[in-house]
Amino acid sequence: MRTWHDIAKEHHVPIQDVMAAARAVEKIEIPHSVIERDENGIGFSTVEYTRCWFVNSDSGAGYGHASDRLGRAYARGDTRWQAVENAIARGFRADRSNW
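Spelled out as structure tokens, the structure:
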């Protein structure tokens, strides 16, 4: 598994940028309905959740509900590591506003 140092080295950024993105990452589980049919063709709905990690463009969890912050996300990913790497690749930096 890659480390934060590996991500910093690959993207040619200081480790402080990667650590700032790692501190701003959040997890959200998004519910959605799935309609299934039994052997008689009768449909029923179940709720499943999709997990998503995102790097908040603000400096943490201080703004509204998680779904509001997801709409303002700097980058997303299926894992925490992927969200951080996507944010660094898109230009997230520790020393400036990331709006």
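Note that the sequence shown ends on residue 99 in UniProt numbering; no numbers are left out. Just so it is clear, CB atoms sit at the ideal spot from N, CA and C, and this is done for glycine as well. No experiment lies behind these values; they were computed from the predicted model shown.
For residue i, the three-state DSSP class (helix, strand or coil)
| i | result |
| --- | --- |
| I42 | coil |
| H32 | strand |
| R69 | helix |
| R51 | strand |
| R90 | coil |
Within 9 Å, strictly: CB atoms of residue i and residue j
| i | j | result |
| --- | --- | --- |
| F54 | R37 | no |
| H32 | V47 | yes |
| R93 | A24 | no |
Identity of the residue in the options nearest residue i by Cα
| i | options | result |
| --- | --- | --- |
| E29 | G41, N40, I35, T79 | T79 |
| D95 | A66, A83, V13, A75 | V13 |
| V84 | C52, H65, G43 | C52 |
| K27 | G91, T50, M1 | T50 |
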